[in-house]
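Residue numbers (this note's numbering): 14 to 254.
As structure tokens, then:
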């Protein structure tokens, strides 16, 4: 059994068999492939009193997150806030997680591991490294549940987007159909109105023609009647003489 303080950082831990807290054990296991195992072991064996303590830290930004390490956390975070760090300038950076490591090499190793995590894994990781060691063993289950939740939310968002898109297309189709039907009704109404005007004009012309013909007939009959009256008067006058 080791002391209660991690061999890589200054965090206290409850149960361990290798001298690392849960966080540093993940870094060790992630980095300790064939090419790095001896190097990591050598770091622990050759710690120099002159090696500065170094922070590994994570900033939340408008574009996602930023991972880095520094010996002066307060100064470095202030530089991020005022825009002196090009990578985070104009992204509203804010400190969401930090850990003090024994050496810059340890902090660099932690930074590389954190950069390989996806965003939802980072969120779960940051949360679990803030709670008690008894809860750290639940990382696998929590990460799995978080992954399932995110996948479910993504599927729901995709279905909602598809539904909105289909509804939008259907609404556009209905709008075009209504406009087409309206134009057809308006065209039919104009056609019927023109037909009614033509019919009225025809009836008016026919009536005028009939009226003109009737006037001619009356004039002819009046002329004939006048001739008959003249002849009758003439014959009557001659008979009396």
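Beta carbons are placed, not taken as given, at the ideal position from N, Cα and C, and that holds for glycine.
Assumed close pair residue i, residue j - CB separation to whole angstroms, cut-off 8 Å
| i | j | result |
| --- | --- | --- |
| residue 121 | residue 70 | Between residue 70 and residue 121 the Cβ distance is about 13 Å, and since that is not below 8 Å, they are no contact. |
| residue 67 | residue 117 | 4 Å |
| residue 83 | residue 93 | Residue 83 to residue 93, Cβ: 10 Å. No contact. |
| residue 6 | residue 76 | The structure shown has nothing for residue 6, since the chain only spans 14 to 254. |
| residue 113 | residue 22 | 6 Å |
Simplified DSSP state of residue i, which is helix, strand or coil
| i | result |
| --- | --- |
| residue 96 | coil |
| residue 21 | coil |
| residue 116 | coil |
| residue 81 | strand |
| residue 211 | helix |
| residue 111 | strand |
| residue 129 | coil |
| residue 102 | coil |
| residue 260 | The requested residue 260 does not occur in the structure, where the chain is confined to residues 14 to 254. |
| residue 72 | strand |
Exposed unless 16 or more other CB atoms sit within 10 angstroms - verdict on residue i
| i | result |
| --- | --- |
| residue 250 | exposed |
| residue 127 | buried |
| residue 230 | exposed |
| residue 236 | exposed |
| residue 227 | exposed |
| residue 115 | buried |
| residue 38 | buried |
| residue 194 | exposed |
Span separating the alpha-carbon of residue i from that of residue j
| i | j | result |
| --- | --- | --- |
| residue 95 | residue 33 | 36 Å |
| residue 73 | residue 106 | 5 Å |
| residue 180 | residue 217 | 55 Å |
| residue 215 | residue 207 | 12 Å |
| residue 239 | residue 205 | 51 Å |
| residue 177 | residue 200 | 34 Å |
| residue 188 | residue 168 | 30 Å |
| residue 232 | residue 211 | 32 Å |
| residue 196 | residue 183 | 20 Å |
| residue 186 | residue 192 | 10 Å |
| residue 219 | residue 190 | 43 Å |
| residue 175 | residue 202 | 40 Å |
| residue 119 | residue 65 | 11 Å |
| residue 244 | residue 209 | 53 Å |
| residue 247 | residue 221 | 39 Å |
| residue 223 | residue 234 | 17 Å |
| residue 198 | residue 78 | 60 Å |
Cβ neighbours of residue i in the same chain (closer than 7 Å, five flanking residues each side left out)
| i | result |
| --- | --- |
| residue 90 | 108 |
| residue 80 | 71, 124, 127 and 128 |
| residue 171 | none |
| residue 98 | 92 |
Proximity test, residue i beta-carbon vs the ligand SAM heavy atom, cut-off 6 Å
| i | result |
| --- | --- |
| residue 116 | The model depicted lacks the ligand SAM and carries no ligand whatsoever. |
Contacts around residue i, its chain only, beta-carbon distance under 6 Å, and the 5 residues preceding and following it disregarded
| i | result |
| --- | --- |
| residue 173 | none |
| residue 242 | none |
| residue 213 | none |
Sequence-distant residues of the same chain with beta carbon closer than 8 Å to residue i, five excluded per side
| i | result |
| --- | --- |
| residue 166 | none |
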